[in-house]
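Going by UniProt numbering, the first residue of the sequence shown is number 1, and it counts up by one from there.
All C-beta atoms in this analysis are idealised placements derived from N, C-alpha and C, irrespective of residue type, glycine included.
Data block below; observations after.
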Amino acid sequence: MSASSASIINSSIFILIGFPGLDQYYPWFSIPFSSIYAMVFLGNCMVLHVIWTEPSLHQPMFYFLALLALTDLCMGLSTVHTVLGILWGFSQKIGLDACIAQTYFVHCLSGIESGVLLAMAFDRFTAICNPLRYTSILTNSRVIHFMVTILMRSTLSILPVIIRLKFFHYCRPHNLSHSFCLHQDLLRLACSDIRFNSFYALTLVICTLLLDAVLILMSYVFILRTVLSIASGEGRLKSLQTCVSHICAVLFFYVPIIGLTMVHRFGKHFSPLVHVLMGSIYILFPPLMNPIIYSVKTQQIRGRMKKWFSLKL
Numbered sequence: 001m002s003a004s005s006a007s008i009i010n011s012s013i014f015i016l017i018g019f020p021g022l023d024q025y026y027p028w029f030s031i032p033f034s035s036i037y038a039m040v041f042l043g044n045c046m047v048l049h050v051i052w053t054e055p056s057l058h059q060p061m062f063y064f065l066a067l068l069a070l071t072d073l074c075m076g077l078s079t080v081h082t083v084l085g086i087l088w089g090f091s092q093k094i095g096l097d098a099c100i101a102q103t104y105f106v107h108c109l110s111g112i113e114s115g116v117l118l119a120m121a122f123d124r125f126t127a128i129c130n131p132l133r134y135t136s137i138l139t140n141s142r143v144i145h146f147m148v149t150i151l152m153r154s155t156l157s158i159l160p161v162i163i164r165l166k167f168f169h170y171c172r173p174h175n176l177s178h179s180f181c182l183h184q185d186l187l188r189l190a191c192s193d194i195r196f197n198s199f200y201a202l203t204l205v206i207c208t209l210l211l212d213a214v215l216i217l218m219s220y221v222f223i224l225r226t227v228l229s230i231a232s233g234e235g236r237l238k239s240l241q242t243c244v245s246h247i248c249a250v251l252f253f254y255v256p257i258i259g260l261t262m263v264h265r266f267g268k269h270f271s272p273l274v275h276v277l278m279g280s281i282y283i284l285f286p287p288l289m290n291p292i293i294y295s296v297k298t299q300q301i302r303g304r305m306k307k308w309f310s311l312k313l
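Encoded structure:
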């Protein structure tokens with residue numbers, strides 16, 4: 001082992017791998033990535049602004065959408081400095097404390113987004129399967145309780161494994177697989193006893209992401225059964241159209257996260273570029289697509305944006 005490698009291993013500095021072997025193309029890569037981050041920030045801020053300023057959107061469905069947009073905005077803010085820092089040639093190094101903080105925010109925000117998608121599924125289930133009691137079931141106080149529960153579940157449940165990362169001994173070369181820090185990536189470099197972190201993280205995924213996905217699927221089974229019982233074809237189509245945006249948001253979130261998990265579990269012999277690509281899709285695709293799909297498919301938001309832009313012009 002060289003002296004430089006030994007010094008890196010013994011230090012608390014980690015190297016974000018970026019796009020291995022493509023360093024000379026970083027100036028070109030920085031253009032689309034910078035554009036994507038700009039669209040993430042602009043799109044989600046616009047959704048938040050429209051919901052905040054339009055009284056007719058002060059409804060449970062749009063409260064949950066506002067929390068989703070805020071979560072996507074924070075996901076972009078938590079990773080932009082490392083991803084663009086690498087592509088702009090500033091630095092590929094990150095300290096242990098900063099890496100652990102970024103790990104916490106990335107995984108915490110993923111948990112929040114999963115919880116919000118579940119709450120939105122319950123909103124659609126109530127609106128379609130029990131429309132006469134919608135306002136009595138989803139009151140403002142109950143929506144606030146849902147939001148607080150989602151935030152508390154995600155922010156607190158992940159703390160035990162995050163705190164333990166600080167006390168691990170990282171004896172392997174400090175090269176991380178992505179342009180940002182992930183829990184499983186840091187575990188790969190640790191020489192301490194990681195069994196608690198591995199077991200707890202797996203349990204957490206099962207009890208949150210997997211359980212949320214199962215409950216979302218069950219809600220749509222009931223929704224589909226109710227929709228099929230509607231006599232008119234126009235009524236069925238109208239009911240299903242109210243769910244299109246949410247179904248897309250669920251797919252945008254769960255497909256990348258499942259893909260990234262599969263790559264980490266079974267793709268050890270894949271090219272490092274596959275890991276980097278899946279990681280980039282995981283952090284950027286949902287925050288980019290959610291405001292687009294909700295702006296296009298949600299009539300109230302689309303109408304408010306048209307009105308807003310016409311006034312500006």
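Asked	Found
Could you tell me which residues DSSP pairs with Ile-128 in its beta bridges?	Beta-bridge pairing links Ile-128 to no other residue.
So, for Met-61: in the same chain, excluding its five sequence neighbours on each side, which residues have a beta-carbon less than 6 Å away from its beta-carbon?	Asp-123
Does the beta-carbon distance from Phe-41 to Leu-77 come in below 9 Å?	yes
Quick check: the Cα distance between Ile-94 and Gln-59, rounded to an integer number of angstroms?	42 Å
Could you pull the DSSP bridge partners for Phe-14 from this structure?	Ile-94
By Cβ distance, which residues of its chain are closer than 8 Å to Gly-279, with the 5 residues on each side in sequence left out?	Ser-177, His-178, Ser-179, Phe-180, Leu-182 and Leu-260
Could you have a look at Ser-5 and say whether DSSP puts it in helix, strand or coil?	A caution first: Ser-5 carries a pLDDT of 47, below 50, which makes its placement in the model unreliable, though a value can still be read off. Correct three-state label for Ser-5: helix.
May I ask you to list the residues that DSSP assigns as paired with Asn-175?	Ile-15
Report the option in Gly-303, Lys-297 and Tyr-104 whose CA atom is closest to the CA atom of Lys-166.	Tyr-104
So Leu-237 and Ile-36 are supposed to be a Cβ contact under 8 Å. How far apart are they, rounded?	Not really, about 33 Å apart at Cβ, beyond 8 Å.
Is it right to say Ile-206 is buried, meaning 16 or more other beta carbons lie within 10 angstroms of its own, or is it exposed?	exposed
Thinking just about the alpha-carbon of each residue, which of Val-148, Ile-293, Tyr-200 and Leu-57 is nearest to the one in Leu-251?	Ile-293
Is the number of C-beta pairs between the region 119-133 and the region 206-220 that are closer than 8 Å three or more?	yes
In angstroms with no decimal places, state the Cα-to-Cα distance between Met-305 and Thr-242.	18 Å
Given a cut-off of 9 Å, decide if Tyr-63 and Met-152 are closer than it, judged by their beta-carbon atoms.	no
So, are the CB atoms of Ile-301 and Leu-22 less than 9 Å apart?	no
In chain order, what residues of the same chain have a beta carbon less than 6 Å from the beta carbon of Ile-8, not counting five sequence neighbours either side?	Model confidence at Ile-8 stands at a pLDDT of 47, short of 50, so the residue's coordinates are unreliable; what they give is reported in the following sentence. Around Ile-8: His-174.
If distances are taken between C-alpha atoms only, which option among Ala-121, Ile-100 and Ile-150 comes closest to Leu-159?	Ile-100
Excluding the 5 residues flanking Ser-154 on each side, which residues of the same chain have their C-beta closer than 6 Å to its C-beta?	Cys-108, Gly-111 and Ile-112
Should Met-262 be labelled buried (16 or more other beta-carbon atoms within 10 Å of its own) or exposed?	exposed
Below 8 Å on the Cβ atoms is my contact criterion, and I expect Val-161 with Asn-197 to pass it. Report the Cβ-Cβ distance as a whole number of Å.	5 Å
Figure out for me which residue from Lys-297, Ser-271, Arg-225 and Val-255 has the closest Cα to the Cα of Ile-283.	Val-255
Does Ile-158 come out as helix, strand or coil in the three-state DSSP assignment?	coil
Ordered along the chain, which non-local residues of its own chain (more than five positions away) have a Cβ less than 6 Å from that of Val-47?	Ala-69 and Pro-291
Suppose you measure from the CA of Trp-28 to the CA of Gly-303; what does that come to, to the nearest Å?	36 Å
Under the three-state reduction of DSSP, which class applies to Phe-266: helix, strand or coil?	helix
So the candidates are Gly-233, Ser-12, Cys-248 and Phe-253; which of them puts its Cα closest to the Cα of Thr-298?	Cys-248
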